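Report on the following structure.
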Amino acid sequence: MSIKAPDLEWLQGDVPRAEGFNDTYFSKAGGLAETRHVFLQGNGLPGRFDGCERFTIAEFGFGTGLNFLTTLAAWQERTNRPDLTFLTFELFPMTGEQLARALAAFPELAPLAEELLQAWSPVPGWNSLKIAGANLQIGIGDARELIGELNAGMAGEGEGGEPAIAPIDAWYLDGFSPARNPELWDADLLKVAADLTAHGGTLATYTAAGWVRRNLQAAGFEIEKAEGFAGKREMVKGRKP
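With full-length UniProt numbering applied, the sequence shown covers 1 to 241.
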């Protein structure tokens, strides 16, 4: 597999839009606030970090890395923080230059962004990075294929180089719009995601599309709607019983 960077258009100077999906990587109303509202608050973070020995977050769609860096900043603020693993998938990883331009819009994350950029050299398959003390596992390729290589047991590295992960405590479902990127909202993919999730594990996503909710429920999650970000009426939260 060869890596293909996304073709980008830049809106308002610093909001990247993927031309192939006709969708932006984060909200024009404020990417950092969106991440905090949808993914952190939607999963009860950072409060759920307290009292844990380890915590595993998984994400569909690494994109600019904004969700990862925002989570990392919140995690660093906790006094007794757990070991953190952030597992993510990306089919079209940005170049270092694209990543730097996108993340420059968030100066409060600059030190963490710089550490990520220094380590950024993605190759196909699994990439294991240590960023600010957290374990970042990036699967470069089709999530529907790479997720089948995971074993939710003890954290570490499997025999083939793929991560052997602890059961996932929280999911960030952040692929492009379901109408434009249905592969990341596929029923079979979400069922595997549910199988890798700890009992009591949660999910959050910006979309409230009916067929996505039904796929999540069929996968085994309990689903509820919540207030969306920046005037968007609804988002979705979920929990594995």
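Glycine included, C-beta positions come from ideal geometry on N, C-alpha and C.
Keep in mind the model is a prediction, meaning the values are calculated, not measured.
Short of 8 Å in beta carbon distance, which residues of its chain neighbour residue i, apart from the five on each side in sequence? Order them along the chain.
i: L196; result: A58, I147, L150, A152, I165, P167, I168
i: A73; result: E108, L109, L112
i: R78; result: P46, F49, D50
Run through the DSSP bridge pairs and tell me what residue i is partnered with.
i: T24; result: R17
i: W126; result: G139
i: F60; result: F89, L173
i: K225; result: V236
i: F55; result: L84
i: I3; result: For I3, which the question treats as bridged, DSSP gives no partner whatsoever.
i: I147; result: Partner(s): none; I147 has no beta bridge.
i: A74; result: Partner(s): none; A74 has no beta bridge.
Can you give me the start and stop residues for the alpha helix (DSSP H) that residue i sits inside?
i: D83; result: It is not in any alpha helix (DSSP H) - D83 instead sits in the beta strand (DSSP E) that spans 83-90.
i: R101; result: 96-103
i: W120; result: Looking at the DSSP string, W120 is not in any alpha helix (DSSP H), and its letter there is neither H nor E.
i: T79; result: Taken as a continuous stretch (DSSP letters only), T79 belongs to no alpha helix (DSSP H), as it is neither H nor E.
i: A29; result: Here A29 belongs to no alpha helix (DSSP H), and DSSP marks it neither H nor E.
Once the 5 residues before and after residue i are set aside, which same chain residues still bring their CB inside 7 Å of it?
i: S27; result: E34, F229, A230
i: L184; result: F60, G61, A143, G175
i: E9; result: R17, E19
From residue i to residue j, what distance separates their C-alpha atoms?
i: residue 250; j: A29; result: Outside the shown range of the chain, which is 1 to 241, sits residue 250, and nothing can be said about it.
i: T71; j: A110; result: 14 Å
i: residue 244; j: P163; result: The shown model of the chain, from 1 to 241, leaves out residue 244, and the question about it has no answer.
i: H37; j: Q137; result: 24 Å
i: Q98; j: L117; result: 10 Å
i: E19; j: L32; result: 22 Å
i: A105; j: Q76; result: 21 Å
i: E234; j: F39; result: 13 Å
i: L216; j: E90; result: 21 Å
i: G139; j: E145; result: 10 Å
i: G238; j: A194; result: 11 Å
i: R213; j: Y25; result: 22 Å
i: A155; j: S128; result: Bear in mind that the predicted position of A155 carries a pLDDT of just 49, short of 50, making it unreliable; the figure below should be weighed with that in mind. Rounded to whole angstroms, A155 to S128 spans 12 Å at the Cα level.
i: G47; j: L103; result: 25 Å
i: E222; j: A204; result: 11 Å
i: W211; j: N135; result: 33 Å
i: L87; j: T56; result: 7 Å
i: G220; j: A226; result: 19 Å
i: D7; j: I131; result: 27 Å
i: F68; j: Y172; result: 10 Å
i: S177; j: L66; result: 17 Å
Under DSSP, the beta strand (DSSP E) around residue i begins and ends at which residues?
i: W10; result: 8-11
i: G238; result: 234-239
> Which ranges does the alpha helix (DSSP H) cover as unbroken runs of at least 4 residues, wholly within the segment 150-221, from first to last along the chain?
Replying inline: 187-195, 210-219
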